[in-house]
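Trainee: Quick one: this structure, given as C-alpha cells, is what I'll be asking you about.
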Amino acid sequence: MYGYKTKYNTCPIFVTYHKHDEVESSINYGDEFLSSSIFKWYTRSNRTLRSEEVKKIIAAVENDINIHIFVKKDDDEGGDFYYLGEANPDQASVEQTLMQGKDNKEVPVVCMDIILKAPVEQKLYHYIKASI
C-alpha cells in the first residue's frame, strides 16, 4: 500500500497501526490515536514543511481536498483496512521533526493531528489500539 497520495482533490491515507519489530526504521512512524477522534499522523520520511505534497495536505480545507483515513491493526490482517472516515488536519499541530532513517541517519518528517469528522466507534478504537 502506498501510504497516501493526493489526486483529484482526494487524499486517502493508509496506516498500519502496529508495526512489526523487524520493520525498517525509515518507515517506523509513530502514528497513533490520541483519542477516538484525533489521530497523530506522520508523512513519509524525507518530507519537510516545504514539500509540495505536505503543503497540500496541511491546507486540505483551503485546497478543497477530502482526506479519508484507513487503518489496519497490523500486517497480520493482510491487505484489509478499516475505513475511519473523512478528516482534516489540525494546522496548529503541524510540526517538522526528525526520525531515524536508513543507516541510522536522521531524516525529516512532518507530523500533525488529523481530526476525524466523526469519532471512531469505541469497539473498533479499542481493538486497533490494543497491543498485538
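Sequential numbering from 3 applies to the sequence shown in my numbering. In this text, a Cβ means the ideal position worked out from N, Cα and C, and glycines have one as well. Fair warning: this is a prediction, and the values are worked out from it, not measured in the lab.
Cutting at 6 Å between CB atoms, please list the residues of its own chain near TYR31, excluding the five before and the five after it.
Mentor: Cβ neighbours of TYR31 beyond the five flanking positions: TYR44.
Trainee: Report all residues from its chain with a CB closer than 7 Å to the CB of ASN48; omit the five preceding and five following residues, and keep chain order.
Mentor: These residues qualify, in order along the chain: VAL109, PRO110.
Trainee: In this structure, how does DSSP classify HIS20 when only helix, strand and coil are distinguished?
Mentor: Correct three-state label for HIS20: coil.
Trainee: Going by the DSSP bridge assignment, what does GLN98 pair with across the sheet?
Mentor: Answer by DSSP bridge pairing, in chain order: VAL112.
Trainee: Which class does SER27 belong to by DSSP, given the choice of helix, strand or coil?
Mentor: With a pLDDT of only 49 at SER27, under 50, the local geometry of the prediction cannot be trusted, and the value read off the model is given with reservation. It is helical.
Trainee: Go ahead and pull the three-state DSSP assignment for TYR6.
Mentor: Strand at TYR6.
Trainee: In this structure, how does DSSP classify ASN65 when only helix, strand and coil are distinguished?
Mentor: In this structure, ASN65 counts as coil in the three-state DSSP scheme.
Trainee: Would you decide whether LEU36 is buried or exposed? Buried here means 16 or more other CB atoms lie within 10 Å of its CB.
Mentor: Result: exposed.
Trainee: Can you check whether the CB of PHE41 is closer than 9 Å to the CB of VAL17?
Mentor: Contact: yes.
Trainee: Suppose contacts are defined by Cβ-Cβ distances below 9 Å. Is ILE60 in contact with GLN102 by that definition?
Mentor: Contact: no.
Trainee: What is the rounded straight-line gap between the Cα of GLY81 and the Cα of LEU126?
Mentor: Looking at the two C-alpha atoms, the distance is approximately 17 Å.
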